[in-house]
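Position 18, counted from 1, in the sequence shown is what this note's numbering calls 18; the numbers after and before it change by one each time, with no gaps.
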Amino acid sequence: MYQITMKIEGMSCSMCEAHINDVIRRVVPGAKKVKSSHVKGESSFVAEKQPEMTVLERAIEDTGYKVLSVSAAPFEKKRFGLF
1 MYQITMKIEG MSCSMCEAHI NDVIRRVVPG AKKVKSSHVK GESSFVAEKQ PEMTVLERAI
61 EDTGYKVLSV SAAPFEKKRF GLF
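Structural data, given as C-alpha cells:
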C-alpha cells in the first residue's frame, strides 16, 4: 500500500476540500483514508497500488486547483499492542 500526499494550491474552505476528496475517490479506485486540509494546502490518501499521478493531477487541475507537488511512500498500518 502507498501513502500519497499532494500539496495543492487554491483550496480556501471546507467545500474545496470536499471537491478534492471527490476527485481523488473518482480517479483512484479503492482510495482510502482520503483527507484534505485547506489550512495546510494538502491532500492525502492511501491506495493499494501507486495511482497514475498524471491522470490524478489533470483531474484536480480541471476542477480549478493547482497541484504543486506529489510524494508517495510505503504505508504500513499502525499496530496497537503490548508487544
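Every residue gets a Cβ at the ideal spot worked out from N, C-alpha and C, and that includes glycine.
- For the pair of segments examined, the region 12–19 was found not to touch the region 47–59: the number of CB pairs separated by less than 8 Å stays below three.
- When the alpha-carbon of Ser36 is set against those of Thr5, Pro29, Pro74, the nearest one is in Thr5.
- Counting every other CB atom within 10 Å of its CB across the protein chains shown gives Ser69 a total below 16, marking it as exposed.
- Under the rule that a run must span 3 or more residues, the beta strand (DSSP E) segments found entirely inside the region 31–78 read 32–37, 42–47, 66–74.
- The beta-carbon separation of Lys66 and Glu9, rounded to 4 Å, stays under the 8 Å limit for a contact.
- Distances from the CA of Ala59 to each of Gly41, Ser44, Val28 were compared; the closest alpha carbon is that of Val28.
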